[in-house]
Every structure is written in C-alpha cells, then in structure tokens.
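J.: When you read off a place in the sequence shown, starting at 1, and then add 42, the result is the number in the numbering used here. All residues carry an ideal CB built from backbone N, CA and C; glycine is no exception. To start, I am sharing the structure in question, which I have written as structure tokens.
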Amino acid sequence: MLREFRVIDLSTDVAGAFGTKLLALYGADVIKVEAAQGDPTRRLGLDGEGNPDSSVLYAHLNTGKRSVVIDIQDLKQRQRLRQLLDSADVIVESGQPGAWARHG
C-alpha cells in the first residue's frame, strides 16, 4: 500500500482533509498540521454546544492521521514545520498560491 509515504496535511478545507484521509486509509503516514486556534473544520458539524472538539466532520476527515499544532509566527515552531516538510513525500495545502511562501 502506501506505508512508505509520509504526507504533511496543511489543508484547511474539506477537500484537502478528505484527500489526505484517503491516503491515510491506504496506509500513508499522514501528519495534520494545525494552527493554535485549530483547523476550521473543527467548527463545522458541532454537537450543538459549540465545543470545537466535538465536530463529527473534523473527526471523520482526520481519522488515521497524526496531529501537531504549530504556530508559524514562532521561529522554533516554524523550524519544526520545515523539518516535517523536509521529511515529506507529499505535501497537501489548500491556500492561495504563494500563501505558505509568504510565511518563509
């Protein structure tokens, strides 16, 4: 399957998260990178209480992934992100072209 592949998921939308979910289902090592405020899909499909940890959609889209929180404004954390990206076979992101490049 895809066990030998590492995927870094920088996406913040349903399409990117679903694509990387499929890669995880086929055995890839998928690492979901989130900002400190959490992925936007955490606020979709809530349980009615507004708890960001209760989003069924987020749970469904991120099954089988590992997760890390990185504040790209922090230099040490940005270096950690670079290390993750250097270790990746696949990088998935969903922002505007050049958005990540602006962060260095």
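1. Unbroken beta strand (DSSP E) runs of length 3 or more, entirely within the region 63-127: which are they?
2. Taking the beta strand (DSSP E) that D51 belongs to, which residues open and close that run?
3. Looking at C-beta atoms only, is the number of pairs between the region 97-113 and the region 74-89 that lie closer than 8 Å three or more?
4. Tell whether a beta-carbon distance below 8 Å holds between R122 and I112.
5. Please identify the residue among Q115, S53, F60 whose C-alpha is closest to the C-alpha of R144.
6. Out of L44, L52, L126, state which residue places its alpha-carbon closest to the alpha-carbon of Q138.
7. If I measure Cβ to Cβ from E135 and keep anything under 8 Å in the same chain, skipping five residues before and after, which residues do I get?
8. Who are the near neighbours of M43 in its chain, counting only those whose CB is closer than 7 Å to its CB and skipping five residues on each side?
T.: Concretely, from the data shown:
1. 71-76, 108-111
2. 48-51
3. yes
4. yes
5. Q115
6. L52
7. L52, S53, G58, A141, W142
8. Around M43: Y68, G69.
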